[in-house]
Amino acid sequence: MTPVNASRREFLKAGLTAGVALGLADPALALSALRPTVEVGNPLEHYPARDWERVYRDQYRYDGSFTWVCSPNCTHECRLRGFVRNGVFLRSEQNYDSHRIGDLHGNRASVAWNPRGCLNGFTFQRRVYGPYRLRYPLIRKGWKRWADDGFPELTPETLSRYKFDARGQDELLRATWDEAYTYAAKGMIAIAQLFRSTQTMLFRYEIKEGPKVHETEINGTPWAMYNDTVIGYDRAGREAVRVTVEEPIHVRSAQYANSI
Numbered sequence: 024m025t026p027v028n029a030s031r032r033e034f035l036k037a038g039l040t041a042g043v044a045l046g047l048a049d050p051a052l053a054l055s056a057l058r059p060t061v062e063v064g065n066p067l068e069h070y071p072a073r074d075w076e077r078v079y080r081d082q083y084r085y086d087g088s089f090t091w092v093c094s095p096n097c098t099h100e101c102r103l104r105g106f107v108r109n110g111v112f113l114r115s116e117q118n119y120d121s122h123r124i125g126d127l128h129g130n131r132a133s134v135a136w137n138p139r140g141c142l143n144g145f146t147f148q149r150r151v152y153g154p155y156r157l158r159y160p161l162i163r164k165g166w167k168r169w170a171d172d173g174f175p176e177l178t179p180e181t182l183s184r185y186k187f188d189a190r191g192q193d194e195l196l197r198a199t200w201d202e203a204y205t206y207a208a209k210g211m212i213a214i215a216q217l218f219r220s221t222q223t224m225l226f227r228y229e230i231k232e233g234p235k236v237h238e239t240e241i242n243g244t245p246w247a248m249y250n251d252t253v254i255g256y257d258r259a260g261r262e263a264v265r266v267t268v269e270e271p272i273h274v275r276s277a278q279y280a281n282s283i
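Per our numbering, the very first residue in the sequence shown carries number 24; after that it's consecutive.
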């Protein structure tokens with residue numbers, strides 16, 4: 024095939040001439056590509072092919088919901104509502120019911136506590152289905168040995184023996200669900216027996232003031248968070264337990280109560 028040497032201007036002129044000739048031969052064919060496939064008079068009255076809207080309408084559709092307490096190593100324990108579709112936990116939302124939650128003494132939070140929840144809870148389902156989730160029970164090797172030995176008293180020597188003083192360095196052992204439930208129950212029984220025999224936390228305590236770690240204002244009232252230390256004593260006046268806690272305080276009193 025012999026190549027045709029033509030300038031850009033000559034090429035465009037030839038193409039335009041061919042298009043005009045085709046249009047004169049069949050006007051309907053020339054404008055068919057510009058004609059709308061479907062005519063819509065008033066889109067508010069009727070609009071064809073609306074199946075694409077289902078993607079957006081069904082984005083937040085769910086089959087059922089449940090309430091749960093979010094506790095990802097957090098002290099706030101927010102109550103959230105989870106939504107399920109096709110048996111899959113899709114998302115969580117704030118439940119806006121903090122003002123209806125109370126304790127055994129009748130104390131209740133106010134509506135100022137709503138909404139409760141943060142990004143830890145809103146993304147918790149990604150922990151549940153994430154690739155690094157726990158798929159079976161694990162028991163720390165040192166703790167299991169301590170439980171198998173009958174939970175002996177923790178002294179400096181036993182702390183080292185069971186690696187309680189080597190945080191993050193112990194081995195994790197795979198266990199069955201029956202073993203996990205059994206060891207958890209053994210631990211709870213051991214705790215109950217220890218405190219039932221010593222009655223350490225039900226006699227007397229004191230609080231040592233710690234440093235201020237955060238301060239804020241709620242409805243015009245100043246609040247501060249302190250890392251205080253709670254010390255519990257047994258009946259003989261000996262220190263039995265020492266715990267550091269985050270304590271929210273409106274006004275720090277001059278003196279704490281010395282008994283409960």
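Don't be surprised by glycine CBs; every beta carbon is placed ideally from N, CA and C.
Model, not experiment: these values are computed from the prediction.
Among the options, the one whose alpha carbon lies nearest that of residue i
i, options, result
"I162", "E33, L67, W200 and H122", "W200"
"T90", "I212, N118, R156 and F147", "N118"
"F187", "K164, G173, V107 and D81", "K164"
"V111", "D171, D251, D86 and I230", "D86"
"E194", "A203, E202, W166 and F34", "W166"
"I124", "Q216, A135 and G255", "A135"
"V236", "Y249, I230, T244 and R84", "Y249"
"G210", "D171, H122 and T239", "D171"
"E232", "R131, V253 and G243", "V253"
"P138", "A247, W246, N130 and E116", "E116"
Spatial distance of residue i from residue j (CA atoms)
i, j, result
"Q278", "L142", "Any reading at Q278 must be qualified, since the residue scores a pLDDT of 48, below 50, and its modelled position is unreliable; the value itself is stated next. Spanning the two alpha carbons is a distance of roughly 37 Å."
"P179", "R190", "15 Å"
"S121", "E240", "19 Å"
"T146", "R114", "7 Å"
"L67", "Q82", "23 Å"
"V266", "P234", "15 Å"
"G260", "F218", "15 Å"
"H128", "Q148", "34 Å"
"A215", "Y204", "17 Å"
"L177", "G144", "35 Å"
"L182", "E262", "19 Å"
"A132", "W75", "45 Å"
"E33", "L39", "10 Å"
"H99", "N65", "53 Å"
"A247", "N130", "21 Å"
"P245", "A72", "57 Å"
8 Å contact criterion, which residue i and residue j should meet: CB distance rounded
i, j, result
"C101", "G140", "5 Å"
"A213", "F174", "4 Å"
"D20", "I230", "Given a span of 24 to 283 for the chain in the structure shown, any question on residue 20 remains unanswerable."
Beta-bridge pairing of residue i - partner residues as DSSP gives them
i, result
"P245", "E240"
"C93", "C101"
"R163", "L195"
"Q216", "Paired residue(s): none; Q216 is not in a bridge."
"K231", "T252"
"R131", "G125"
"F147", "F147 is not bridged to any residue."
"Q117", "L103"
"F34", "BP columns for F34 are empty, so no partner."
"R87", "Per the sequence presented here, residue 87 reads as Gly, with Arg not at that position. In DSSP, G87 forms a bridge with V107."
Residue i CB to nearest heavy atom of the ligand FMN below 7 Å
i, result
"E238", "Annotation note on the ligand FMN: not contained in the displayed structure, which lists no ligands."
Pair within 8 Å by beta-carbon distance, residue i and residue j
i, j, result
"S94", "R104", "no"
"V268", "G255", "no"
"R197", "Y159", "yes"
"Y185", "R168", "yes"
"R108", "R80", "no"
"Y70", "V78", "no"
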